[in-house]
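So in UniProt numbering, spot 157 of the sequence shown is number 157, and the numbers just go up one at a time.
Worksheet: one structure, shown below.
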Amino acid sequence: MTELFDTAVTSLLHLPEVLDRLGAAAGDRRSAGDHAHHAAHGHGQHRISGIGGGAPVDIMETPGEYAFVLDVPGLSKSDIQVTLEEDRVLVMKSSNGAGNGKRKREEEEGECKYIRLERRASPRAFARKFRLPEDADTGGISARCENGVLTVTVKKRPPPEKKTKSVQVTIA
Numbered sequence: 001m002t003e004l005f006d007t008a009v010t011s012l013l014h015l016p017e018v019l020d021r022l023g024a025a026a027g028d029r030r031s032a033g034d035h036a037h038h039a040a041h042g043h044g045q046h047r048i049s050g051i052g053g054g055a056p057v058d059i060m061e062t063p064g065e066y067a068f069v070l071d072v073p074g075l076s077k078s079d080i081q082v083t084l085e086e087d088r089v090l091v092m093k094s095s096n097g098a099g100n101g102k103r104k105r106e107e108e109e110g111e112c113k114y115i116r117l118e119r120r121a122s123p124r125a126f127a128r129k130f131r132l133p134e135d136a137d138t139g140g141i142s143a144r145c146e147n148g149v150l151t152v153t154v155k156k157r158p159p160p161e162k163k164t165k166s167v168q169v170t171i172a
């Protein structure tokens, strides 16, 4: 009975990872209720589409920039890659070896040995891609990682000036 209980508990501990993979496979982590809320309140004019998984992301918009905020506990800045692909695709991912799901464990000393290791493997691998809107300034991207939180900021280009052209009216 204990073995069955241990198996059930272990399965539940991995449930968040399974849900992350399902969300990534679906391509969009927002629920139908979220979509309805955003449509009803005029959010998402500059829809930023994204795929990937492993790290939940918050995306904020201000008049001058977009900010992507991801929790990346256990990763240092050398473990994280932020790149821009063609067609304004922003990529944020853990670099090779980081987040491979294998936790470094302390060496067993003397007569001490591990009987069970159940703590969640950390850090988790992640890869997220987002297509930036037309007003994103791809030359104005910055990233910083502090206390396990990655913040990627993308400046906005100023809106184009509206030009008015007078047209002479002729009478026929």
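Just so you know, even glycine gets a beta-carbon here, dropped at the ideal spot from N, CA and C.
Note that the coordinates shown come from a computational prediction; the quantities given were computed from them, not determined experimentally.
- Secondary structure at ASP79: helix, using DSSP grouped into helix, strand and coil.
- LEU70 carries a strand assignment under DSSP once its states are collapsed to helix, strand and coil.
- By the C-beta density criterion, MET60 is exposed, having fewer than 16 other C-beta atoms within 10 angstroms.
- Within the DSSP bridge table, the entry for ASP58 names VAL69 as partners.
- Excluding five sequence positions before and after ARG157, the CB atoms of its chain that fall closer than 6 angstroms to its own CB belong to ASP135, ASP137, given in chain order.
- For ASP87, the three-state secondary structure derived from DSSP is coil.
- For LEU132, there is no enclosing beta strand (DSSP E), as DSSP marks it with neither H nor E.
- In this structure, the alpha-carbon of ARG88 lies about 15 angstroms from that of GLU65.
- Counting the other Cβ atoms within 10 Å of the Cβ of GLY54 gives 16 or more, which makes it buried.
- VAL154 is bridged by DSSP to TYR66, ILE141.
- Using a 10 angstroms sphere on the CB of ILE115, the tally of other CB atoms stays under 16, which defines it as exposed.
- Between VAL69 and SER94, the CB-CB gap reaches or exceeds 9 angstroms.
- Beta-bridge partners of ALA127 (DSSP): GLY53, LYS93.
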